[in-house]
Amino acid sequence: MTQAVSMNFEDAPFSPFHKKITAGTFMGLISDGYTLGIVGIALSYAQEPLGLSSFWMGLIGSMAMFGIFFGSLITGIITDRIGRKLLYPLFMALTVIVSVWMYFLSDPLYITVARFILGMLIGSDYAVGISYLSEWTPAKNREGILAWLLTVWTIGYTLSYIAGFFMDGVVAAFGNDGWRVVLCTSAIPALIALVIRHGAPESALWLIAKERKDEALTVIHKYLGTQYGLPSAPLEKAASSSWFALFAPKQWRKTIVSGVFFFAQVLPFFSISIFLPIVLTNLKIENPNASGVLYNVFTMVGVLVGMWLYRVMTRRAFLLWTFYLSAALLTFMILWTSMPPVVALVLVTLLALVLAISIVPEFSYPAELFPTELRGSGVGLTVAISRFGAGGGTFLLPIISESYGIHAALWVCVGTLLFGGIICQMWAPETSGRGKKK
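The numbering of the sequence shown is full-length UniProt numbering, which starts it at 1 and goes up by one.
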C-alpha cells in the first residue's frame with residue numbers, strides 16, 4: 001500500500017469522478033439558493049391565509065440568514081474533526097425532510113423554527129460542500145471551477161422566482177394551502193443533490209491531514225486509478241493566531257472593510273430580493289411575479305457580467321462604482337414617485353443587474369485582505385457580519401415598509417450602500433495588482 005507512485009492525485013485529469021463531485025456540490029448550491037429565494041414567493045401567498053403581520057413576515061423571511069451564521073460556524077469545526085463523507089450527503093437529506101415537514105405547519109412560530117433549521121443546513125452545506133469540492137478538484141481546474149460557485153448559487157436563487165411564476169395554478173388548486181406547496185418545493189433540488197452525492201468517498205486530503213495515509217491511498221486508487229498517489233510535499237499546517245490580531249494597527253482597516261463591504265452588499269440584495277413581490281406591488285408594477293422573474297434573470301446575467309468585470313477592473317474601482325450606482329438607481333426610484341410602470345420596471349432590472357454584479361467579490365476579496373495566519377478567522381468574522389446584514393435587512397424591510405412605506409425601507413438600503421461605498425473609498429486596499437503605484 002505504501003509503494004511509490006509517480007503522480008500526485010491532484011494532478012490527475014478531470015474525470016467522471018470529478019464531474020460527480022462537481023455536480024453534487026453545484027446542485028447543493030442550487031438547492032441552497034432556491035431554498036433561500038422561495039420563501040419570498042411563499043410568504044406572498046401565505047400572508048392572508050395565515051394573517052401574518054409585518055413582524056412575522058420579516059421574522060420568517062430572515063430566519064434562514066441567522067441559521068446560516070450558526071450552521072457555518074458549528075459545522076466548520078465538526079467537519080474538520082470527523083471528515084466530509086458523512087456530512088456531505090447528510091445535510092441534503094435533512095433539507096428534504098425539513099422542507100416536507102413545512103407542508104404540515106400552520107403556526108408562524110413553527111415555520112420560523114423550520115426556516116432557521118433550513119438556514120443552519122444551508123450554512124453547514126457551505127462549510128462542507130465547498131471544502132469537499134476544493135479538496136477533490138484537480139489543481140489545474142480548481143480555480144476555474146470554484147469561480148463558478150457564486151454563479152451556481154445564483155441560478156438556484158433565480159430558479160425559485162421562475163418556479164414562483166408558474167405557481168399561480170398550483171396555489172389556486174390548493175386554495176389556502178397553496179403556500180405550503182410553494183414552500184416545500186425546496187425538497188426537490190435537495191433530493192436531486194442527495195442522489196448525486198450518494199456514495200461519495202472521504203476527502204483524501206482530509207485523511208492525509210489526519211495521518212490516515214493508507215486510507216487516503218486506498219480511496220485514490222479506487223476512484224482515480226492506481227497510477228496516482230499522495231502529494232510528495234507535506235500539507236501546510238494552519239497557523240494559530242488571536243482574534244485580537246484582526247484589529248492590530250496594521251490590520252484593523254482591512255478587517256473593517258471586509259465586514260462592511262460584505263454587510264452593505266447583502267443587506268439590500270437580500271432584503272429587496274426576498275420581498276420582491278411586495279416591493280414591486282408597492283411600486284405599482286403590474287404582475288409582480290412576472291416582473292420578479294425578469295428581475296432574477298437580470299440577477300443571473302449580472303453575476304456573469306460581474307465575473308468578467310472583476311477580472312479586468314481594479315478591486316477598488318469595482319467596489320466603488322457598484323456601491324454608488326446601486327444607491328443612485330434606488331434614489332432615483334424613490335424620488336420619482338409618479339414614474340410610469342414601464343420605467344419602474346426598467347430601473348428595477350437595472351438595479352438587479354448592478355446588485356448582482358456587486359456580489360461577485362464576496363468569495364474572493366475577503367480572503368485577499370488577510371495574511372495567511374489570519375485568513376481563517378478574518379473570513380469567518382466577515383461571513384458572520386454579512387449574515388446579520390442579510391438577516392437584519394429581511395427582518396426589518398417589511399416592518400419599515402408597513403410602518404413608514406416602501407420608500408422608507410428603500411432609503412435604508414440607499415444609506416447602507418452609501419455607507420459601504422464611503423468606507424471602501426477611505427480604506428479599501430487594492431489587492432489585484434492593477435492600479436497600484438509603481
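Where a beta carbon is used, it is the ideal one built from N, C-alpha and C, also for glycine.
query                                                                                                                                                                            : result
Starting from the N-terminal side, write out each stretch of the beta strand (DSSP E) that is 3 residues or longer and does not extend beyond the segment 184 to 247.            : none
With C-beta atoms as the reference, is Thr112 less than 9 Å away from Met63?                                                                                                     : yes
For the structure I just gave you, are there three or more beta carbon pairs, one from the segment 54 to 72 and one from the segment 389 to 397, closer than 8 Å?                : yes
Tell me which residues share the same chain as Met300 and place their Cβ nearer than 6 Å to its Cβ, disregarding the 5 neighbours each side in the sequence.                     : Thr154, Thr158
Determine the direct distance from the alpha carbon of Thr226 to that of Ser232, and round the result to whole angstroms.                                                        : 16 Å
By alpha-carbon positions, which one of Pro371, Ala328, Lys254 ends up nearest to Ala428?                                                                                        : Lys254
To the nearest angstrom, how far is it from the Cα of Pro13 to the Cα of Ala204?                                                                                                 : 16 Å
What does the Cβ neighbour count give for Ser240, buried or exposed, with the cut at 16 atoms within 10 Å?                                                                       : Residue placement at Ser240 cannot be trusted, given a pLDDT of 45 that sits under 50; what the coordinates show is reported in the next sentence. Exposed, because fewer than 16 other Cβ atoms sit within 10 Å of the Cβ of Ser240.
In chain order, what residues of the same chain lie with their CB nearer than 6 Å to the CB of Asn176, ignoring the 5 residues before and after it?                              : Pro49
Drop a sphere of 10 angstroms on the beta-carbon of Ala173, count the other beta-carbons inside from all chains shown, and report buried for 16 or more, exposed for fewer.      : exposed
By Cβ distance, which residues of its chain are closer than 6 Å to Ser258, with the 5 residues on each side in sequence left out?                                                : Pro366, Leu369, Thr382
Ala193 CB to nearest chain D CB: under 9 Å?                                                                                                                                      : Within the model displayed, chain D is absent; a lone protein chain is all it includes.
Applying the 10 Å Cβ sphere with the 16-neighbour rule, what's the burial state of Met7?                                                                                         : exposed
Just curious, the alpha helix (DSSP H) that Asp32 is in, first and last residue?                                                                                                 : 16 to 50
Which residue's Cα is closest to the Cα of Met386: Val312, Tyr223, Ser271, Thr331?                                                                                               : The question names Met, but residue 386 in the sequence shown is Ser. Ser386 has its Cα closest to that of Ser271, out of Val312, Tyr223, Ser271, Thr331.
In three-state terms, what does DSSP make of Met7?                                                                                                                               : strand
Do you know offhand how far Arg316's Cα is from Arg212's?                                                                                                                        : 44 Å
Flag this pair as yes or no: are the beta carbons of Asp125 and Met167 separated by less than 9 Å?                                                                               : no
Please give me, in chain order, every unbroken run of the alpha helix (DSSP H) with length at least 4 that falls completely inside the segment 112 to 191.                       : 139 to 146, 149 to 165, 168 to 174, 178 to 184
Are the beta-carbon atoms of Leu320 and Gln425 separated by less than 9 Å?                                                                                                       : yes
Write down the C-beta distance between Glu202 and Lys85 rounded to the nearest angstrom, noting that I regard them as a contact closer than 8 Å.                                 : 4 Å
Thinking C-alpha only, which one of Thr314, Leu325, Thr337, Ala356 is nearest Gly306?                                                                                            : Ala356
Give the straight-line distance between the Cα atoms of Phe263 and Tyr404, rounded to the nearest whole angstrom.                                                                : 23 Å
Here's a check: name, in chain order, each residue in its chain whose Cβ is nearer than 8 Å to the Cβ of Ser54, leaving out the five neighbours to either side.                  : Pro398, Ile399, Ser401, Glu402, Ser403
Quick check: what's the CA-CA separation for Gly302 versus Val354?                                                                                                               : 6 Å
Can you find the residues in the same chain that come closer than 6 Å, C-beta to C-beta, to Met102, ignoring five residues on each side of it along the sequence?                : Ala114, Leu183, Cys184
Under the rule that 16 or more other beta-carbon atoms within 10 Å means buried, what is Thr337, buried or exposed?                                                              : exposed
Assuming Asp32 contacts Ile122 (C-beta within less than 8 Å), just tell me the rounded distance between them.                                                                    : 5 Å
Label Ala238 either buried or exposed according to how many other C-beta atoms from any shown protein chain fall within 10 Å of its C-beta, with 16 as the threshold for buried. : The predicted model places Ala238 with a pLDDT of 46, which falls under 50 and marks its position as unreliable, so this point remains unresolved.
Closest by CA to Leu396, which one among Leu267, Ile422, Tyr324?                                                                                                                 : Leu267
Report buried or exposed for Trp252, applying the criterion of at least 16 other Cβ atoms within 10 angstroms of its Cβ.                                                         : exposed
Could you work out which residue in Ser44, Asp80, Phe26, Leu191 is closest to Ile97 when comparing CA atoms only?                                                                : Leu191
How long is the line joining the alpha carbons of Asp11 and Lys140, rounded to whole angstroms?                                                                                  : 7 Å
Look at the alpha carbon of Ile117 and the alpha carbon of Tyr45, and state the distance between them as a whole number of angstroms.                                            : 22 Å
Given a cut-off of 9 Å on the beta-carbon distance, is the pair Leu87 and Thr79 in contact?                                                                                      : yes
Ordered along the chain, which non-local residues of its own chain (more than five positions away) have a Cβ less than 6 Å from that of Thr431?                                  : Arg315, Glu368
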